[in-house]
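Undergrad: First residue of the sequence shown? That's 1 in the numbering used here, and the numbers climb one at a time after it. Every residue gets a Cβ at the ideal spot worked out from N, C-alpha and C, and that includes glycine. Since we're looking at a predicted model, the values are computed, not measured. Submitted below is the structure of interest, expressed as structure tokens.
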Amino acid sequence: MQIAIASGKGGTGKTSIAVNLATVADEPVCLLDCDVEAPNCRLFLPTPLDGEEPVTLAVPHVDAARCDGCRTCGGFCRFGAIFSPGGGSPPLVFPELCHGCGGCVVVCPRGAITEVARPIGLVRSGRRGGLRLVDGLLGNGESMTPAVIRAVKRHAEPAGLTLIDAPPGTSCAAVEAVRDADFVVLVTEPTPFGLHDLRLAVEMVRRLGRPFGVVVNRHGIGDERVAHYCAAEAIPLLLTLPNDRRIAEVYARGGLLVDELPALRSRFRDLLARLRTAGETDEEVAVAI
Ligand code: SF4
Ligand code: SF4
């Protein structure tokens, strides 16, 4: 089973939910940190590395001797990653814009284009007890985030429990992370900004056809509009965590809530149990610590 933890905006505590859920699982769990621009699950769960692999993208390489400058490749590429000036000149390739779709290779009538591997990031893995943590790291200046996320997701355990810490927002990176999850947990804050971004995230998961529910973090800093929205939209409100200084302190020093605030351990265990019955959860768990 794959459970993705996502949020419409950064800073909601999404990663905290993911690492604490991973910690309370009784069985082996695979945690995939797909927030590849800022992976930080490892800060909460220091894990000795036992594997590291580069992520590459296949980008075009043009053999100028075979090219007749027909411009077919430049006309095909929708990303402007290959520009053919015509006049018999070979095209220019802009590898940083290339999505690695391979289309220009296929459409070139002279077989003048081959592919070369361009490094765009890393996937690292490690184990700590029953937890396998795999994270992706997008290279400096790179923008092909979904390709690195796909590389991380290839490490999912098909038969076991996989948790995915998705990148914040509703961009193609977030879509890539949650698109095939069995359940998506949307983490938000009870503020106008939180509600705004939650609406966008809800639209995303609905379009993807994924079952989902909401966790409200820092309850008490805003108002009840998120709760009212969830009720009106029949969205399960899975868990409400209070705006509590002790929680903030544990988070700030990279600790685990379920270890340092014992009352929360059973709450996270309840949440995980409920997520396992994906889509059937309809009761809020309000937490007092
Ligand atoms: S591989 Fe695809 S994205 Fe890259 S240059 Fe060719 S057509 Fe454009
Ligand atoms: S499609 Fe092939 S032959 Fe035509 S301009 Fe591009 S590389 Fe050259």
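Under the three-state reduction of DSSP, which class applies to H155: helix, strand or coil?
TA: H155: coil per DSSP, three-state reduction.
Undergrad: To the nearest angstrom, report how far apart G8 and S266 are at their CA atoms.
TA: Here the alpha carbons of S266 and G8 stand approximately 27 Å from one another.
Undergrad: Using the rule of at least 16 other Cβ atoms within 10 Å of the residue's Cβ for burial, across every protein chain shown, is T281 buried or exposed?
TA: For T281, the predicted model reports a pLDDT of 45, less than 50, meaning its position is unreliable and no value from the coordinates is stated.
Undergrad: What does DSSP give as the partner residue(s) for G126 in the beta ladder?
TA: According to DSSP, G126 bridges with L49, L133.
Undergrad: Helix, strand or coil: how does DSSP classify H196 here?
TA: Correct three-state label for H196: helix.
Undergrad: Within 7 Å: the Cβ of H99 and any heavy atom of ligand 1?
TA: H99: yes, Cβ under 7 Å from ligand 1.
Undergrad: Please return the same chain residues whose Cβ sits closer than 7 Å to the Cβ of G121, not counting the five positions on each side in sequence.
TA: V36, V55, G136, L137, L138, G139, E142, V148
Undergrad: At a threshold of 7 Å, does P91 count as lining ligand 3 (C-beta to nearest heavy atom)?
TA: Questions concerning ligand 3 fall outside what the structure shown contains, since the ligands it does hold are ligand 1 and ligand 2.
Undergrad: Within 10 angstroms of the Cβ of N45, are there 16 or more other Cβ atoms? Answer buried if so, exposed if not.
TA: The sequence given here places Leu at residue 45; Asn does not occur at that position. When all chains shown are included, L45 counts as buried.
Undergrad: Note down the Cα distance separating P48 from T240, rounded to an integer number of angstroms.
TA: 33 Å
Undergrad: Are the CB atoms of I164 and I5 nearer to each other than 8 Å?
TA: The answer is yes: Cβ separation under 8 Å.
Undergrad: When the cut-off is 8 Å and only beta carbons count, does L261 lie next to chain C?
TA: In the structure shown, chain C does not exist; there is a single protein chain.
Undergrad: Measure the alpha-carbon distance for L208 versus R179 and round it to whole angstroms.
TA: 6 Å
Undergrad: Around the Cβ of F79, are there at least 16 other Cβ atoms within 10 angstroms (buried) or fewer (exposed)?
TA: exposed
Undergrad: Identify every run of the alpha helix (DSSP H) within the segment 153–234, keeping only runs that are complete inside it and at least 4 residues long; order them along the chain.
TA: 172–178, 192–208, 225–232
Undergrad: For G102, verify whether its CB is less than 7 Å away from any heavy atom of ligand 2.
TA: no
Undergrad: For D50, count the other beta carbons within 10 Å of its own beta carbon; 16 or more makes it buried, fewer makes it exposed. Which is it?
TA: exposed
Undergrad: Note down the Cα distance separating V93 from A58, rounded to an integer number of angstroms.
TA: 12 Å
Undergrad: Under 8 Å, do P90 and C67 count as touching if we go by C-beta distance?
TA: yes
Undergrad: Quick check on this structure: which residue in V187, N243, Y251 has the alpha carbon closest to the alpha carbon of F212?
TA: V187
Undergrad: Given a cut-off of 8 Å, decide if T170 and L200 are closer than it, judged by their beta-carbon atoms.
TA: yes
Undergrad: Buried or exposed for F196, going by 16 or more other Cβ atoms inside 10 Å?
TA: The question names Phe, but residue 196 in the sequence shown is His. Counting Cβ neighbours within 10 Å, H196 comes out exposed, since fewer than 16 surround it.
Undergrad: Quick one: what does DSSP say C101 is sitting in, helix, strand or coil?
TA: In the three-state DSSP reduction, C101 falls in the coil class, being neither helix nor strand.
Undergrad: So, at 7 Å on beta carbons, what are the nonlocal neighbours of S24 in its own chain, with the 5 sequence-adjacent residues on each side left out?
TA: For the sequence presented, residue 24 should be read as Val rather than Ser. Here the set comprises V258, R265, F268, R269, L272.
Undergrad: Starting from A115, follow its DSSP beta bridges and name the residues at the other end.
TA: The amino acid at residue 115 is misidentified as Ala; the sequence shows Glu. Looking at the DSSP assignment, E115 forms a beta bridge with P60.
Undergrad: How would you label E189, buried or exposed, when you count the other beta carbons within 10 angstroms and need 16 or more for buried?
TA: By the 10 Å Cβ count, E189 comes out buried.
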